[in-house]
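For reference, the structure is listed below as structure tokens.
Protein chains in written order, with our numbering: chain Z, 3 to 295; chain H, 43 to 303.
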């Protein structure tokens, strides 16, 4: 990596970034918006072609984070070697400042189930996730961040609270944590958890990034609502409040706005990111550091 | 207590077949039936796979309409779930599925347009590989020319279509109704060379003889054998067009000894 002729995209700063999606490639490449860093879905840059070339150009101007959706860290069958190799090629090519994946599974019996499926919170699953995280970190030769998922079901035989589970993964493998405060809000609503207690149970020193996004509410026939993490709207005030609590707990860390369905104009994303940047700045001032954000 | 492997197999079964109830007994209801909880995941999974097919087959979707496309896609997905987390790779069997799909029989050209779109997608996302080194090729002594075997570039591909799939594809993606009305679906078969260039995807027609010659070269047939089998073509002229066209990634020389198969 040291001999790469390409300028490195550099470390991701403790500032506000946005998820870069295909509809905004051109606008970002041509208008160079004022944003501290960008995150992409790793799987979208496997192979070659125009989107890969565009990202090669963009990374000269912005720190990049690669966020994976398909490594399936929770697969009992282990990490698929072929997919890991393809992800390794992307990481080698773009030299991102951060690499992350999810505490979930999506591959079973050779089928990719195109969603972040929930794990039973058991000692057996913890061992498997740790083994898989180690496999990934060994292959990529770097630390990854593991993100807490949104979930819509729990298993009867789960014994470990999710925050403790993810803390144990970080403790045992040395990986970091990507704390998605919207996911905490969504899962807390869906399962009756206490979102603040969840934050309190995460080891602050392991948190390397925060995600922010919108979600939707689905009303069921029995009057219950279930929150769906669809990344299709603005961050709601309650999630902003949880973000402020997360900053108090973890200190300033790279903070990302994700928007994946009904992707709006780039300006809307930048406006959301400004909301995160303002809170990072406010946090910095309160803590005597005018340079934050 | 079920193992993680058992849980994942059960949930996989429920996502692939909503009638399968293996996973239900492991899930906490808490006011919402376990099957409804699983349905949220199945919905995300299926819509993600439908979206992947929409991205790979935009002209097909336009030709048949959103509703028909989604209906066909769901049937295809249930029978052929994705095998890779890189969803750009998803849909290899969709063209053949559409060609045999009974409700689409009135659109005889649908399979061909889908095959063209699949090739376009393959070429678009193929790994970046260096093009054939023409200087190295010209250094091959003339007496060895016959033994040259070309390696195809992943960012180029050749397909045959029974109908003018290229005209239909362009007309649909350009929203050009006049061009679409002017298409003669019976004006085939045709051969199409799909390549990725600096300006994007290029789809060019080849005549039958040139295409069959190119197909031999793509398959690794040594040049002399390919020329002999190709019949009545201007070999050097055709070859010159392909050599600079990004069709090949490299070449080697067939060994002189034991060359016969």
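Built from N, CA and C at the ideal position, the CB exists for glycine as well.
DSSP links residue 87 of chain Z through a beta bridge to no other residue.
Identification of chain H residues near residue 113 of chain Z by a Cβ-Cβ cut-off of 8 Å yields 54, 58, 123, 124, 125, ordered along the chain. The Cβ-Cβ distance between residue 209 of chain Z and residue 181 of chain Z falls below 7 Å. Closer than 7 Å to the CB of residue 155 of chain Z there is at least one CB belonging to chain H. Taking 7 Å as the threshold, the shortest C-beta distance from residue 47 of chain H to chain Z falls below it.
For chain H, the residues of the stretch 32-58 of chain Z that bring a beta carbon within less than 9 Å of one of its beta carbons are 45, 46, 48, 49, 50, 51, 52, 53, 54, 55, in chain order.
Chain Z has a Cβ within less than 7 Å of the Cβ of residue 43 of chain H. The residues 132, 135, 136, in chain order, have a CB closer than 6 Å to that of residue 175 of chain Z in the same chain once the five nearest residues on each side in sequence are set aside. Going by beta carbons, residue 195 of chain H and residue 288 of chain H fall inside the 7 Å limit. Taking a beta-carbon distance threshold of 7 Å, residue 128 of chain H counts as an interface residue toward chain Z. Looking from the CA of residue 277 of chain Z, the closest CA among Z:15, Z:20, Z:14, Z:31 belongs to Z:20.
Less than 7 Å separates the beta-carbon of residue 168 of chain Z from that of residue 179 of chain Z. Here residue 103 of chain Z is bridged, per DSSP, to Z:148.
Taking 7 Å as the CB threshold, residue 245 of chain H stays off the interface with chain Z. Measuring C-alpha to C-alpha distances from residue 247 of chain Z to each of Z:225, Z:221, Z:282 identifies Z:282 as the nearest. DSSP lists H:242 as the bridge partner or partners of residue 239 of chain H. At least one CB of chain H lies nearer than 7 Å to the CB of residue 117 of chain Z.
For residue 27 of chain Z, the nearest beta carbon of chain H is not closer than 7 Å to its own beta carbon. At a C-beta separation below 9 Å, residue 72 of chain Z has these neighbours in chain H: 126, 127, 128, 129. If you ignore the 5 residues before and after residue 199 of chain H, its C-beta comes within less than 7 Å of the C-beta of 161, 164, 165, 236, all in its own chain and listed in chain order. Comparing alpha-carbon positions, the option among H:279, H:115, H:100 lying closest to residue 216 of chain H turns out to be H:100. Residue 118 of chain Z sits close to residue 151 of chain Z, with the two beta carbons spaced by under 7 Å. Burial check for residue 229 of chain H: the Cβ neighbour count within 10 Å stays below 16, so the residue is exposed. By the C-beta criterion, the stretch 53-71 of chain H is judged not to be in contact with the stretch 43-59 of chain Z, since fewer than 3 inter-stretch pairs fall below 8 Å. In this structure the stretch 142-162 of chain H does not lie against the stretch 68-76 of chain Z, because fewer than three pairs of beta carbons, one per stretch, are closer than 8 Å. Within chain H, the residues 74, 78, 79, 82 have their CB atoms less than 9 Å from the CB of residue 228 of chain Z, given in chain order.
From the listed residues Z:200, Z:153, Z:270, the smallest Cα separation to residue 232 of chain Z is found for Z:153.
Excluding residues up to 5 positions away in sequence, 251, 252, 253 lie with their Cβ nearer than 8 Å to the Cβ of residue 206 of chain Z in the same chain. Look at residue 170 of chain H: its C-beta is under 7 Å from a C-beta on chain Z. With respect to chain H, the C-beta atom of residue 78 of chain Z has a partner C-beta closer than 7 Å. Cβ atoms of residue 133 of chain H and residue 94 of chain H come within 8 Å of each other, at about 7 Å. Residue range 227-230 is occupied by the beta strand (DSSP E) that includes residue 227 of chain Z. Taken through DSSP and simplified to helix, strand or coil, residue 143 of chain H comes out as coil. Under the three-state reduction of DSSP, residue 157 of chain Z is assigned to strand. With the rule of 3 Cβ pairs closer than 8 Å, the stretch 254-261 of chain H does not count as touching the stretch 170-189 of chain H.
The Cβ neighbour count for residue 222 of chain Z, taken over all protein chains shown within 10 Å, is under 16; the residue is labelled exposed.
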